[in-house]
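Heads up: the sequence shown runs through residues -15 to -1, 1 to 107, numbered per mature numbering (1 follows the signal peptide of the UniProt record, and there is no 0).
Written below as structure tokens is the structure these notes are about.
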Amino acid sequence: MFASLGALLAVAVNAAYTSFNCTDIIGVVFDDQNRNGVHDRFERGLPGVAIASINGVWVKTDRLGRFSFPCALTPDRYGSNYVLKLDTRSLPIGSSVTTQNPAAVRATAGHVHRVGFGVASW
């Protein structure tokens, strides 16, 4: 509430429609040089790799290999599963995935979850 010239002004915010009810998913597709399935400091991101969500949304990684699904879903009060799949057809020739693909995330409202996809040349 705000006081202005002796009058009282009430401001109502409907919290049900804020992003606190959403789950954001961010991630990176990286060149897994040592093939350990972990994104190490020295491993660069891979640009232009396609990722698909369970509900049919497609994104491509940026020049640093990053991707995001903002407000990917609004989970129920107990959480929900969300699945992402890296499209192996978008990888450099001779590469394969070194991490789980597809990747499942246990989504919780108001949280940001990270997903990493490792890729190595064989």
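Ideal Cβ positions, reconstructed from N, Cα and C, are used throughout, including at glycine.
Quick caveat: nothing in here was measured; it's all calculated off a predicted structure.
Look up residue i in the DSSP assignment and give the residues it is bridged to.
i	result
Val34	Answer by DSSP bridge pairing: none, since Val34 is not bridged.
His98	Ile10
Leu71	Ile36
Val82	Val104
Val44	Ile36
Asp16	Val104
Asn66	Arg91
Between the C-alpha atoms of residue i and residue j, what's the straight-line distance to the nearest angstrom?
i	j	result
residue 121	Gly33	Because residue 121 is not part of the residues shown, which for the chain are -15 to 107, the question remains open.
Gln18	Glu28	7 Å
Leu71	Pro55	17 Å
Asp25	Val68	23 Å
Asn86	Gly103	9 Å
Val82	Ser65	25 Å
Arg20	Thr84	9 Å
Phe5	Leu76	34 Å
Trp107	Val44	25 Å
Asp16	Ser38	21 Å
For residue i, which of helix, strand or coil comes out of DSSP?
i	result
Arg51	strand
Arg91	strand
Phe5	helix
Leu58	strand
Keeping to the same chain, check which residues put their C-beta closer than 8 Å to that of residue i; ignore five residues upstream and five downstream.
i	result
Arg51	Ile11, Gly12, Val13 and Gly30
Thr59	Asn6, Cys7, Thr8 and Ala94
By Cβ distance, which residues of its chain are closer than 7 Å to residue i, with the 5 residues on each side in sequence left out?
i	result
His96	Thr8
Asn(-2)	Note that Asn(-2) scores a pLDDT of 47, beneath 50, so its modelled location is shaky and nothing firm can be said.
Ala35	Trp43, Lys45, Asp72 and Ser75
Keeping to the same chain, check which residues put their C-beta closer than 6 Å to that of residue i; ignore five residues upstream and five downstream.
i	result
Ser53	Ile11
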